[in-house]
Amino acid sequence: DSIQGTMYNFYEKC
Amino acid sequence: MLELRLVQGSLLKKVLEAIKELVTDANFDCSATGFSLQAMDSSHVALVALLLRSEGFEHYRCDRNLSMGMNLGNVSKMLRCAGSDDIITIKADDGSDTVTFMFESPNQDKIADFEMKLMDIDSEHLGIPDAEYQAIVRMPSGEFARICKDLSSIGDTVIISVTKEGVKFSTAGDIGTANIVCRQNKTVDKPEEATVIEMQEPVSLTFALRYLNSFTKATPLSETVSISLSSDLPVVVEYKIADMGYVRYYLAPKIEE
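Order-wise, the sequence lines are chains C and V.
Going by this note's numbering, the residue at position 8 of the first sequence is 8; the numbering climbs one at a time, nothing skipped.
Going by this note's numbering, the residue at position 155 of the second sequence is 155; the numbering climbs one at a time, nothing skipped.
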């Protein structure tokens, strides 16, 4: 099964 | 003081149509580099990054960096009042809580001012480092839009796989399955009709079609689209805006649990 990733899984806040 | 004059005003109209479905409110950032925006959709699954470089404007004055919060639906309402051949000027005074869009007809016989209230938007800015992608596919933007639309009538998600043979878009749903393979095709009359695949290594990722379909609202901005894929990164779907910049969409893939 897969879940939807979000931007926060890949990029950091700056 | 901010004053940006864009002779090809239709570009701005198209940009708004390209992003307003994905993002409700956003900060437009103005600096010496250009007019830019970075915003996520409400679920933080997708991100849009816009850049219109200052050199692309006929006149570009931005005395100090300025961030202007706007409701994109309202901006779109204003810009829809501009004729497709109109010259559009964006004006704002320092410290003002409004922005003015001025529309001039090509022969200067009609000039309109639309003033819009700005809003305070608490938006997060993400750092997106340059990355080497495992595969980059460049194809006609209309073709990509057609594929996303066709597949979304069958399923909700698409698996995009790039191999030496080409790029495959696959979906599955209650009524059946669908696979569309596009092979590299450089031998076309016009370069914008080519499908070009630069592959370092094969890659396969799964995405929600709903978002990709939303990205294709940018199709009128560019004849071609580039799709950059890596197994550990969001896909980047880029539409170049002739001589001015780009609209880039980032979409997080489905992650195996």
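Think of the CB as a built atom: it goes at the ideal place given N, C-alpha and C, for glycine as much as any other residue.
Being a predicted model, the structure only gives us computed values, none of them experimental.
Unbroken beta strand (DSSP E) run spanning residue i, endpoints
{"i": "Lys77 (chain V)", "result": "Note, Lys77 (chain V): premise wrong, no beta strand (DSSP E); alpha helix (DSSP H) at Leu72 to Leu79."}
{"i": "Val181 (chain V)", "result": "Gly176 to Cys182"}
{"i": "Tyr246 (chain V)", "result": "Gly245 to Leu251"}
{"i": "Phe114 (chain V)", "result": "Ile111 to Lys117"}
{"i": "Thr258 (chain V)", "result": "Outside the shown range of chain V (1 to 257) lies residue 258 (chain V), about which nothing can therefore be said."}
{"i": "Met199 (chain V)", "result": "Val196 to Met199"}
{"i": "Gly83 (chain V)", "result": "Neither: Gly83 (chain V) is in no beta strand (DSSP E) and is coded neither H nor E."}
{"i": "Gly5 (chain C)", "result": "Note, Gly5 (chain C): premise wrong, no beta strand (DSSP E); not H, not E."}
{"i": "Arg61 (chain V)", "result": "His59 to Cys62"}
{"i": "Gln38 (chain V)", "result": "Gly34 to Met40"}
{"i": "Ser170 (chain V)", "result": "Gly166 to Gly173"}
{"i": "Thr98 (chain V)", "result": "Thr98 to Glu104"}
{"i": "Asn65 (chain V)", "result": "That residue, Asn65 (chain V), is in no beta strand (DSSP E); it is neither H nor E in DSSP."}
{"i": "Glu3 (chain V)", "result": "Leu2 to Leu6"}
{"i": "Tyr239 (chain V)", "result": "Val235 to Ile241"}
Neighbour-count burial assignment, residue i, 16 or more Cβ in a 10 Å radius
{"i": "Ala242 (chain V)", "result": "exposed"}
{"i": "Gly9 (chain V)", "result": "buried"}
{"i": "Thr224 (chain V)", "result": "buried"}
{"i": "Gly95 (chain V)", "result": "exposed"}
{"i": "Met40 (chain V)", "result": "buried"}
{"i": "Arg248 (chain V)", "result": "buried"}
{"i": "Asp86 (chain V)", "result": "buried"}
{"i": "Ala218 (chain V)", "result": "buried"}
{"i": "Ser31 (chain V)", "result": "exposed"}
{"i": "Glu132 (chain V)", "result": "exposed"}
{"i": "Glu104 (chain V)", "result": "buried"}
{"i": "Met1 (chain V)", "result": "exposed"}
{"i": "Val188 (chain V)", "result": "exposed"}
{"i": "Ser230 (chain V)", "result": "buried"}
{"i": "Cys14 (chain C)", "result": "exposed"}
{"i": "Ser2 (chain C)", "result": "exposed"}
Host alpha helix (DSSP H) of residue i (start-end)
{"i": "Glu17 (chain V)", "result": "Ser10 to Ile19"}
{"i": "Ile147 (chain V)", "result": "Ser141 to Ser152"}
{"i": "Asn269 (chain V)", "result": "A query on residue 269 (chain V) cannot be resolved here, the shown segment of chain V reaching from 1 to 257 and no further."}
Beta-carbon spacing of residue i, residue j below 8 Å
{"i": "Ile160 (chain V)", "j": "Leu233 (chain V)", "result": "no"}
{"i": "Val48 (chain V)", "j": "Val23 (chain V)", "result": "yes"}
{"i": "Leu79 (chain V)", "j": "Phe35 (chain V)", "result": "no"}
{"i": "Thr144 (chain V)", "j": "Thr216 (chain V)", "result": "It is Phe, not Thr, that sits at residue 144 (chain V) in the sequence shown. Cβ distance < 8 Å, so Phe144 (chain V) and Thr216 (chain V) count as in contact."}
{"i": "Ala26 (chain V)", "j": "Leu37 (chain V)", "result": "yes"}
{"i": "Leu51 (chain V)", "j": "Tyr239 (chain V)", "result": "no"}
{"i": "Pro202 (chain V)", "j": "Val167 (chain V)", "result": "no"}
{"i": "Gln184 (chain V)", "j": "Ala135 (chain V)", "result": "no"}
{"i": "Ala82 (chain V)", "j": "Leu221 (chain V)", "result": "no"}
{"i": "Ile147 (chain V)", "j": "Ile180 (chain V)", "result": "yes"}
{"i": "Tyr11 (chain C)", "j": "Ile128 (chain V)", "result": "yes"}
{"i": "Tyr60 (chain V)", "j": "Ser67 (chain V)", "result": "no"}
{"i": "Val158 (chain V)", "j": "Ser170 (chain V)", "result": "yes"}
{"i": "Ser76 (chain V)", "j": "Lys164 (chain V)", "result": "no"}
{"i": "Leu212 (chain V)", "j": "Ile88 (chain V)", "result": "no"}
{"i": "Met116 (chain V)", "j": "Cys182 (chain V)", "result": "no"}
{"i": "Lys254 (chain V)", "j": "Phe207 (chain V)", "result": "yes"}
{"i": "Ile197 (chain V)", "j": "Val236 (chain V)", "result": "no"}
{"i": "Leu6 (chain V)", "j": "Phe57 (chain V)", "result": "yes"}
Minimum Cβ-Cβ distance from residue i to chain A less than 8 Å
{"i": "Ala39 (chain V)", "result": "Structure shown: chain A not included; protein chains present are C and V."}
Inter-stretch contact at 8 Å, needing at least 3 Cβ pairs: the segment 89-104 of chain V / the segment 124-136 of chain V: no
Members of the segment 198-213 of chain V near chain C, C-beta cut-off 7 Å: Thr206 and Ala208
Touch test, the segment 63-78 of chain V against the segment 1-12 of chain C, Cβ-Cβ under 8 Å, three pairs minimum: no
The segment 171-180 of chain V in contact with the segment 144-160 of chain V per 3-pair CB rule at 8 Å: yes
Where the segment 240-255 of chain V meets chain C: residues whose CB sits under 8 Å from a CB there: Tyr250, Ala252, Pro253, Lys254 and Ile255
Residues of the segment 113-145 of chain V with Cβ closer than 9 Å to any Cβ of chain C, in chain order: Glu124, His125, Leu126, Gly127, Ile128 and Pro129
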